[in-house]
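Reading through the structure tokens given below for one structure.
In UniProt numbering, the protein residues as written are 1 to 348.
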């Protein structure tokens, strides 16, 4: 069993130590929706401690402790090892930790709110939460490490979706943007109580990114930068029972709203790795391998595919029977130096 956690006044959220699905001896310091027996779903986790927005995720153990030591800084330790610290402005001393019904964890001191989880989002925004920086995806749905994709409200006023910022700059790695960059910047992304994801420009004008669902206040909601590079809003009916009798979250909106498989950057063609192809659904972009190929990394399907068998040379004689053409219906190949289109030939 994981160590203790605290709950919000209504009981809708929990904050504390949450076991990893892949290894129950390791724990996240996290905030999650609390729906009866649904606590095991990684989808319910809306915040987790990280060293920085692009940094590592500390793994706690059964002996780990979250405390406020003599310096007044909220600190996660494992024995004598400091795993994580929530530094406050000017190192002001705090003494009270509270979890609000909004899902916001606040660290309070003599100066009021010294630090709050809403100010340091990971991959998720909750209703009433804003973003003036980056929202990074996880590497996979059950893997709480920094992933490949990010949503950013840039200083120049542009709202951008990027891939692989570890290996390049925003200009090279952007695959979608609002085109609102200008000299004054100060763009803010907001997820409101009705479930609308929008951005506000320096002049106060508000522009929608994902429209709200009808009667949005009747739903639990969140927006997430998903591991496949698509931003999605998720809803779950309240039902007057705290959502306990509703078994799952459903997707209510996406950004981009279509064509996710065809997104590209100056360095990348499509959202899947080499040797694979993309199939788009509302819930996920699925990277699949053609017949005779297998994933380079079975844990991450977007890594690409490689042939299962050793490839023979097409220049060898008397081996045409060792090659076959396999039809992929309703599939198109993007422009690539590795691909050339020939007129189709069919045999009667």
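Cβ atoms here follow ideal geometry from the backbone N, Cα and C, with glycine treated the same way.
| Item | Value |
| --- | --- |
| Which partner residues does residue 237 have in the DSSP bridge list? | 219 |
| For residue 297 and residue 332, I'd like the C-alpha separation in whole angstroms. | 24 Å |
| Please report how far the alpha carbon of residue 100 lies from the alpha carbon of residue 10, in whole angstroms. | 9 Å |
| Using CA coordinates, which residue listed in 253, 93, 184 and 326 is at the minimum distance from residue 70? | 93 |
| Going by C-alpha distance, which of 62, 95 and 293 is nearest residue 23? | 62 |
| From the DSSP output, in three-state form, read off residue 64 for me. | coil |
| Among 49, 230, 145 and 110, whose alpha-carbon lies nearest the alpha-carbon of residue 82? | 49 |
| Here's the rule: buried if 16 or more other CB atoms are within 10 angstroms of the residue's CB, otherwise exposed. What is residue 173? | buried |
| Quick one, which of 155, 175 and 149 has its alpha-carbon nearest residue 164's? | 149 |
| Leaving out the 5 sequence neighbours to the left and right, which residues in its chain are closer than 6 Å to residue 260 when beta-carbon positions are compared? | 230, 280 and 285 |
| As a quick exercise: from 67, 176 and 152, pick the residue whose alpha carbon is nearest that of residue 84. | 67 |
| List the endpoints of the continuous beta strand (DSSP E) containing residue 249. | Looking at the DSSP string, residue 249 is not in any beta strand (DSSP E), and its letter there is neither H nor E. |
| Quick one: measure Cβ to Cβ for residue 138 and residue 157, integer angstroms, because I've assumed they're closer than 8 Å. | Incorrect: roughly 27 Å between the Cβ atoms, too far for contact. |
| Would you list, in sequence order, the uninterrupted beta strand (DSSP E) runs of no fewer than 3 residues that lie entirely inside the UniProt domain "Bulb-type lectin" (1-120)? | 5-7, 13-19, 27-33, 45-48, 65-67, 74-78, 81-86, 94-99, 105-109 and 112-116 |
| Checking 7 Å against the spacing of the C-beta atoms, do residue 140 and residue 58 come in under that value? | no |
| Please state whether DSSP places residue 302 in a helix, a strand or coil. | helix |
| When DSSP labels each residue in this structure, what does residue 278 get in the three-state scheme? | strand |
| Mapping the DSSP letters down to three states, classify residue 264 as helix, strand or coil. | strand |
| Look at residue 292 and residue 282 and say whether their C-beta atoms are less than 7 Å apart. | no |
| With DSSP run on the structure shown, which of helix, strand or coil describes residue 286? | strand |
| Our contact map puts residue 86 next to residue 73 with C-beta atoms below 8 Å; I'd like the distance itself, whole angstroms only. | 7 Å |
| In this structure, how does DSSP classify residue 258 when only helix, strand and coil are distinguished? | coil |
| Quick one: Cα of residue 115 to Cα of residue 106, how far? | 6 Å |
| What is the rounded straight-line gap between the Cα of residue 220 and the Cα of residue 248? | 11 Å |
| Could you tell me how far apart the beta carbons of residue 123 and residue 34 are, in whole angstroms, since I believe they sit closer than 8 Å? | Their Cβ separation, rounded to whole angstroms, is 19 Å, which puts residue 123 and residue 34 out of contact at 8 Å. |
| Just to check my reading of the structure: residue 180 and residue 201 have Cβ atoms closer than 8 Å, yes? What is that Cβ distance to the nearest angstrom? | 6 Å |
| Apart from the five residues on each side of it in sequence, which residues of its chain come closer than 7 Å, Cβ to Cβ, to residue 111? | 92 |
| Between the alpha carbons of residue 2 and residue 27, how many angstroms are there, rounded? | Bear in mind that the predicted position of residue 2 carries a pLDDT of just 43, short of 50, making it too unreliable to give a figure here. |
| CA-CA distance, residue 46 and residue 125? | 7 Å |
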